[in-house]
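Everything below concerns the one structure shown next.
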Amino acid sequence: MNFKEVNENYTVSEAIREAQRCLHCKVPSCKKGCPISNDIPDWISELSKGNFGNAMQIINNRSNLPAVCGRVCAHERQCEGNCVLNKKGSHINIGKLERFVADFDSDSGMTHEAIPEKTRGRVAVIGSGPAGLTVAGDLARKGFSVDIFEMETEAGGVLMFGIPEYRLPKEVVRNEIRKIENLGVAFHLNSTVGEGITIDDLFDQGFDAIFMGTGTGVPKRLNIPGNQNPAVRQAIRFLRRVSLYENGLMDRKEVIVGDGDVVFVIGCGNTAIDAARTAIRMGSKEVNVVYHRTINEMKALRAEYDDAVAEGVKFLWNTSITNIEALDDTAIKTVTLTTDGEDRVVPADHVIMAVGSAPASRIVSTTEGIEVDGNGYVITRDTPYGMTTRKGVFAGGDVTNRPATVVHAMHDAKLVAEGIEKYVDAVKLLDIIDRQGGQA
Numbered sequence: 018m019n020f021k022e023v024n025e026n027y028t029v030s031e032a033i034r035e036a037q038r039c040l041h042c043k044v045p046s047c048k049k050g051c052p053i054s055n056d057i058p059d060w061i062s063e064l065s066k067g068n069f070g071n072a073m074q075i076i077n078n079r080s081n082l083p084a085v086c087g088r089v090c091a092h093e094r095q096c097e098g099n100c101v102l103n104k105k106g107s108h109i110n111i112g113k114l115e116r117f118v119a120d121f122d123s124d125s126g127m128t129h130e131a132i133p134e135k136t137r138g139r140v141a142v143i144g145s146g147p148a149g150l151t152v153a154g155d156l157a158r159k160g161f162s163v164d165i166f167e168m169e170t171e172a173g174g175v176l177m178f179g180i181p182e183y184r185l186p187k188e189v190v191r192n193e194i195r196k197i198e199n200l201g202v203a204f205h206l207n208s209t210v211g212e213g214i215t216i217d218d219l220f221d222q223g224f225d226a227i228f229m230g231t232g233t234g235v236p237k238r239l240n241i242p243g244n245q246n247p248a249v250r251q252a253i254r255f256l257r258r259v260s261l262y263e264n265g266l267m268d269r270k271e272v273i274v275g276d277g278d279v280v281f282v283i284g285c286g287n288t289a290i291d292a293a294r295t296a297i298r299m300g301s302k303e304v305n306v307v308y309h310r311t312i313n314e315m316k317a318l319r320a321e322y323d324d325a326v327a328e329g330v331k332f333l334w335n336t337s338i339t340n341i342e343a344l345d346d347t348a349i350k351t352v353t354l355t356t357d358g359e360d361r362v363v364p365a366d367h368v369i370m371a372v373g374s375a376p377a378s379r380i381v382s383t384t385e386g387i388e389v390d391g392n393g394y395v396i397t398r399d400t401p402y403g404m405t406t407r408k409g410v411f412a413g414g415d416v417t418n419r420p421a422t423v424v425h426a427m428h429d430a431k432l433v434a435e436g437i438e439k440y441v442d443a444v445k446l447l448d449i450i451d452r453q454g455g456q457a
């Protein structure tokens, strides 16, 4: 099994036929179900007439990452789940249509947005995941000069290193990033804020505001005997290694998992299922997802679960791993599975934990005035939206513990971008007033 994208795109005729099924409701519930309020009926109407450029322009008004959202959004719980045609069991395939429009636009090079003069201020964005890219795109379109500082060798954050190729091809992410670059956004790779460069350094360079979109890069662990052994893998780090391997930046042996192994994944969110399906693709003989609740309580999308089952992943419901016995620092020997109070010891080669993650402390620990809560999440205010306890420093996305998915991070980031816009404009206006008062 390879990492080729699982879902095929529409052809032009297929996309137009699907778009023509839309009822263009006067009160579009699909739009209400979209966290970023995408004008879905309007761009679908343009698509149904073959006006692909108009459709893309409408999408661009609300989304900086349509090719990404078209692939990884929780459509079944959002736009498609609210489509009125669900009553007939035939909702519009909104995600696939959005993906088609975005891919068609990238392939044809159709969109050339006018770049406004960068006169309203300078903003530094830390992190190039969904939140960082959204803030950068929104502010660049409004006349701000934006620089993104990314610690990795390539931009994209979780989109590049945390979501498998079969769900989100890396070239799709690169295409979206190129569009944001074309808005005049500058990317600084291999730049870790908190190590070598600080928030204060960025202000000294003349930035008017700074946005922290650093996500949650520190994996959480369950309190299980044996879980501290290096042979217990973390899902986000496993997925990152596989991504690096797939891009020729890491040797296969450094991925470790696969090649006939028996693997147990703890957790049942989308990241857990990503890890399980990736382990299958890396050649594992048997992959089991262990979840202490039922299928009806899992956080993962049902579509992702169905695909995992079809690929051979097994699910152990109402089950927990209560002990891990390691063979050495590279492999597990056995795990103890507990189901309804009954224990059984089974052979295992690897355990992968996918039970959430927390923010790193690099920036907070090297910056005065940024407060966090008891779990390490950055505290922000509502006015201006997203500003931390340090003046001029904003935060959004997972680092503030608000979003849950890519599009929710984008929604939060759009609000923060508005907060930054208002803040910088206000500061500059006060500066002008002060100067005029001094002249008087």
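Residue numbering for the sequence shown follows the numbering used here, beginning at 18 and increasing consecutively. Positions of the beta carbon are idealized from the N, C-alpha and C atoms, including for glycine. Everything numeric in this text was worked out from a predicted model, so none of it was measured.
Where residue i falls, given that 16 or more other Cβ within 10 Å makes a residue buried
i           : result
residue 58  : buried
residue 440 : buried
residue 83  : buried
residue 276 : exposed
residue 347 : exposed
residue 331 : exposed
residue 34  : exposed
residue 108 : buried
residue 436 : buried
residue 409 : buried
residue 457 : Because the pLDDT at residue 457 is just 45, under 50, the model does not fix this residue reliably, and the value given afterwards should be weighed accordingly. Classification of residue 457: exposed, given that the 10 Å Cβ count is below 16.
residue 172 : buried
residue 450 : exposed
residue 318 : buried
residue 196 : buried
residue 378 : exposed
residue 287 : buried
residue 150 : buried
residue 358 : exposed
residue 122 : buried
Option in the options with minimal Cα separation from residue i
i           : options               : result
residue 374 : 238, 68 and 19        : 238
residue 309 : 187, 338 and 259      : 338
residue 155 : 132, 173 and 40       : 132
residue 135 : 224, 146 and 171      : 224
residue 429 : 148, 103, 75 and 47   : 148
residue 164 : 357, 201 and 214      : 201
residue 322 : 290, 313 and 314      : 290
residue 265 : 170, 415, 453 and 130 : 170
residue 443 : 221, 162, 137 and 294 : 137
residue 281 : 293, 287 and 185      : 293
residue 284 : 274, 311 and 267      : 311
residue 350 : 127, 24 and 244       : 244
residue 395 : 302, 232 and 270      : 232
Range of the contiguous alpha helix (DSSP H) that encloses residue i
i          : result
residue 71 : 69-77
residue 87 : 83-89
residue 59 : 57-65
residue 80 : No alpha helix (DSSP H) contains residue 80, which DSSP labels as neither H nor E.
residue 33 : 29-36
residue 49 : 46-49
Proximity test, residue i beta-carbon vs the ligand FMN heavy atom, cut-off 7 Å
i           : result
residue 269 : Ligands are entirely absent from the displayed structure, and the ligand FMN is therefore not among its contents.
Next item on the list: Would you check if the region 401-413 and the region 221-234 touch, i.e. whether three or more CB-CB distances between them fall below 8 Å?
Entry: The region 221-234 is in contact with the region 401-413.
Next item on the list: Could I get the ranges of all uninterrupted beta strand (DSSP E) runs contained in the region 185-231, with 3 residues as the minimum, in chain order?
Entry: DSSP runs (the beta strand (DSSP E)) wholly in the region 185-231: 203-205 and 226-229.
Checklist line | the region 248-259 contacting the region 360-377, beta-carbon criterion three pairs below 8 Å | finding: The region 248-259 is in contact with the region 360-377.
Item checked: Segments assigned beta strand (DSSP E), at least 3 residues, entirely inside the region 333-387 -> Qualifying beta strand (DSSP E) stretches, in chain order: 336-343, 349-356, 359-364 and 367-370.
Margin query: Suppose only complete runs of 4+ residues qualify. What are the alpha helix (DSSP H) ranges in the region 99-184, listed by chain order?
Written below: Every unbroken stretch of the alpha helix (DSSP H) spanning 4 or more residues and falling wholly within the region 99-184 is given here in chain order: 111-125, 147-158 and 175-178.
Checklist line | Ordered list of alpha helix (DSSP H) runs contained in the region 240-321, each at least 4 residues | finding: Complete alpha helix (DSSP H) runs here, min 4: 252-263 and 287-298.
Notebook entry, point to check: In chain order, which alpha helix (DSSP H) runs of at least 4 residues are fully inside the region 387-456?
Noted result: DSSP runs (the alpha helix (DSSP H)) wholly in the region 387-456: 423-456.
Next item on the list: Assess, as a yes-or-no matter, whether the region 80-96 is touched by the region 114-126 under the definition of 3 or more beta carbon pairs within less than 8 Å.
Entry: The region 114-126 is in contact with the region 80-96.
Checklist line | contact_flag[the region 61-68, the region 89-101] where n(CB pairs < 8 Å) is 3 or more | finding: Contact between the region 61-68 and the region 89-101 is absent, because fewer than three Cβ pairs lie under 8 Å.
Notebook entry, point to check: Pairing CB atoms from the region 20-32 with CB atoms from the region 40-58, are three or more of them under 8 Å?
Noted result: Taking 8 Å as the limit for Cβ pairs, the verdict is that the region 40-58 does not touch the region 20-32.
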